[in-house]
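The block underneath contains the structure these notes are about, expressed in C-alpha cells.
In the numbering used here, the protein residues as written are 124 to 236.
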C-alpha cells in the first residue's frame, strides 16, 4: 500500500495544516473573535452579529467544534459556545513555535533574498 500525503509530514506539520484550514474562513475567524470578546455566546447572537444565515453559522460552529477550538453546552433549546481554553493554548503553542523559529534576519540579505 502506498504512502499517503500526510505520512510524508510530521504530526506537528499535519496538525498545523489542519488548524490553519479551520481558521482559513473569515466567518470562522469572526466567530472566534466574537467568542473571545464575549467569552460565551448563544448561537442566535452570532446570526445578529455576523449577518449570516443560521445554517451557515451552524456549519462553521461545527467545524470549529470538531477541531476542538470551541466547546458547547446545551441550555434548553439553545447551545452556548465558548473557547476551549486547553485547546486554545495548544494551538497558540503550535503557532508560536512556528513563528518563533524565524531567525534574526541577515542584515546583508536584500529584498530578493
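The beta carbon of each residue, even a glycine, is placed where N, CA and C say it ideally should be.
Along the length of the stretch 161 to 206, whole beta strand (DSSP E) runs at least 3 residues long occupy 193 to 198, 201 to 206, reported in chain order. Here residue 130 carries a helix assignment [DSSP, helix/strand/coil]. Classified as exposed, residue 197 has fewer than 16 neighbouring CB atoms from the shown chains inside 10 Å of its CB. By the Cβ criterion, the stretch 193 to 213 is in contact with the stretch 161 to 169, since at least three pairs of Cβ atoms, one from each stretch, lie closer than 8 Å. The Cβ atoms of residue 183 and residue 154 sit closer than 8 Å to each other.
If the five residues before and after residue 133 are omitted, its C-beta is found closer than 6 Å to no C-beta atom of its own chain. In the three-state reduction of the DSSP assignment, residue 230 falls in the coil class.
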